[in-house]
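Take a look at the structure below.
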Amino acid sequence: MTDNNYLVALVGSVLILAGIVELLRRRQLKEKYAVLWLIVGVVLVVFTAFPALLTRIASALGVAVPTNLLFFVAILFLVGVVLHLSWEASRLENETRKLAEDVALLRLDLAELKRENETTTD
Amino acid sequence: MGETVREIRAATPEIPVLVVSDGSTDHTVHVARHAGARVLALPIRLGVGGAMRAGFRYAVHNGYDAAVQVDADGQHDPKQVPALLDGLGPAEVVIGARFCEHEDGYRVRGPRRWAMVVLSKVLSRLTKTRLTDATSGFKATGGQALPLFAEHYPDEYLGDTVESLVIAARAGCAVTQVPTRMRPRRGGEPSHRPFKSAVYLGRAAMALALALIRRWDVTPVPAPSRGLRPAEEGVT
Numbered sequence: 001m002t003d004n005n006y007l008v009a010l011v012g013s014v015l016i017l018a019g020i021v022e023l024l025r026r027r028q029l030k031e032k033y034a035v036l037w038l039i040v041g042v043v044l045v046v047f048t049a050f051p052a053l054l055t056r057i058a059s060a061l062g063v064a065v066p067t068n069l070l071f072f073v074a075i076l077f078l079v080g081v082v083l084h085l086s087w088e089a090s091r092l093e094n095e096t097r098k099l100a101e102d103v104a105l106l107r108l109d110l111a112e113l114k115r116e117n118e119t120t121t122d
Numbered sequence: 001m002g003e004t005v006r007e008i009r010a011a012t013p014e015i016p017v018l019v020v021s022d023g024s025t026d027h028t029v030h031v032a033r034h035a036g037a038r039v040l041a042l043p044i045r046l047g048v049g050g051a052m053r054a055g056f057r058y059a060v061h062n063g064y065d066a067a068v069q070v071d072a073d074g075q076h077d078p079k080q081v082p083a084l085l086d087g088l089g090p091a092e093v094v095i096g097a098r099f100c101e102h103e104d105g106y107r108v109r110g111p112r113r114w115a116m117v118v119l120s121k122v123l124s125r126l127t128k129t130r131l132t133d134a135t136s137g138f139k140a141t142g143g144q145a146l147p148l149f150a151e152h153y154p155d156e157y158l159g160d161t162v163e164s165l166v167i168a169a170r171a172g173c174a175v176t177q178v179p180t181r182m183r184p185r186r187g188g189e190p191s192h193r194p195f196k197s198a199v200y201l202g203r204a205a206m207a208l209a210l211a212l213i214r215r216w217d218v219t220p221v222p223a224p225s226r227g228l229r230p231a232e233e234g235v236t
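These protein sequence lines map, in sequence, to chains A and B.
Okay, so the first sequence: first residue is 1 according to our numbering, each after it adds one.
Okay, so the second sequence: first residue is 1 according to our numbering, each after it adds one.
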């Protein structure tokens, strides 16, 4: 890797980590996701700063091409994240459904109460 | 829509009518209310199943012991509501079936027809009764099925017909059918295009498979009864 490439990659991963921290600071990211993304950010910075680390882990695990190890882990991780998000979305949909029903039921109750009130006061 | 409500009220004056407006315009709500219905207006669109569960929850909350669902498009004849309600008692879900012994104008062909036949076969076996038209939207619900549906009615594709029957069968509710005559719809045409029918077949198979493998935590509680019965309809 040339010095230039190294610098660009390092700045890039530090920026990603900074972005994650900033999202947390502005309370745009829930605590339950915070730890996960902080770990991702830190791991990213560490591997960009010390590329030799990846090569050593890869050879220790018997992976011939170090980047393949990176891709493998990254894909596994991303599939997990997407699956989790789909699950969250389904859960949220169920919650909004229940809330929408409650709002409709309450509004009808209220309308009926109002009508009763009007007929008794007249 | 208003016409359908007036028709229901004329056919069954002693039964209150609830219209579930699924995120539709204020105009619909106004028309329905003007026609003499109570209107449950959902703030966002939930689909047929969502509208249905809202209706069932209303029925349970207000102490009704049965509910009849009638489509807003005028396809279902309100004069047959008493026949559906008569089926309740021994049964807890009564389906108003199309293409029964009656000679009616309702005909479906192609993949959509196959899907309906297969669904009816599978659901007949599951509910241990002969169902010829499991996908009918004209149904009466009572007994333990009412609180069950108020809690567990699915809001997914075909959930209002296929999956709801699977849930009822799992909970041990008795299902039966009565023959009904269908009328042409007042608004909206049923699709008979081959591609759409094929998609319907696939999605129906998927819905059935999902319904069969899903775990349902179904322990219905006995409903407090007050003897009144609302007819309800889902507007989508």
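By construction, the Cβ of each residue, glycine as well, lies at the ideal position given by its N, Cα and C atoms.
These numbers come from a predicted model, not from an experiment.
Only Ala100, Glu101, Val103, Ala104, Leu105, Arg107 and Leu108 from the segment 98 to 110 of chain A bring a Cβ to less than 8 angstroms from some Cβ of chain B. With contact defined as three or more Cβ pairs closer than 8 angstroms, the segment 29 to 45 of chain B and the segment 138 to 150 of chain B are not in contact.
Remark: three or more beta-carbon pairs, one from each stretch, lie closer than 8 angstroms, so the segment 96 to 114 of chain A and the segment 52 to 65 of chain B are flagged as touching. The alpha-carbon of B:Asp65 is positioned some 12 angstroms away from that of B:Val93. About 11 angstroms separates the beta carbons of A:Leu69 and A:Leu53, which is beyond the 8 angstroms limit, so they are not a contact pair. For B:His61, the chain A residues whose Cβ falls inside 8 angstroms of its Cβ are Leu105, in order along the chain.
Three or more Cβ pairs closer than 8 angstroms define a contact, and the segment 115 to 126 of chain B meets that threshold against the segment 158 to 167 of chain B.
For B:Arg98, the closest Cβ of chain A is not nearer than 8 angstroms.
Taken atom to atom, the span from the alpha-carbon of B:Asp22 to that of A:Glu88 is near 24 angstroms. At a cut-off of 8 angstroms between beta-carbon atoms, B:Gly50 makes contact with chain A. Rounded to the nearest angstrom, the Cβ distance from B:Arg215 to B:Tyr157 is 19 angstroms, too far for a contact under 8 angstroms. Counting the other CB atoms within 10 Å of its CB gives B:Thr28 a total of 16 or more, which places it among the buried residues. B:Ala205 and A:Leu106 have their C-alpha atoms spaced approximately 37 angstroms apart. The Cβ atoms of B:Ser24 and B:Arg112 lie no closer than 8 angstroms to each other. The alpha helix (DSSP H) runs of length 4 or more contained entirely in the segment 48 to 87 of chain B are, from start to end of the chain, 81 to 87. Interface annotation, B:Ile44: in contact with chain A, CB-CB separation under 8 angstroms. A distance of 8 angstroms or more separates the beta carbons of B:Val178 and B:Gly89. Just so you know, the alpha carbons of A:Leu10 and A:Ser90 end up roughly 37 angstroms apart. A check of alpha carbon separations from A:Leu15 across A:Leu38, A:Glu116, A:Leu29 and A:Glu31 identifies A:Leu38 as the nearest. For B:Lys196, the enclosing alpha helix (DSSP H) begins and ends at Pro194 to Ile213. Sequence-distant Cβ neighbours of B:Gly2 in its own chain, meaning closer than 8 angstroms and more than five residues away, are Val31, Ala32, His34 and Ala35. In the structure shown, A:Val65 adopts coil according to DSSP, grouped into three states. Counting the other Cβ atoms within 10 Å of the Cβ of A:Gln28 gives fewer than 16, which makes it exposed. Nearest to A:Glu22 by C-alpha distance, out of A:Asn5, A:Gly41 and A:Tyr6, is A:Gly41. One thing to note: B:Tyr200 has its Cβ no nearer than 8 angstroms to the Cβ of B:Gly49.
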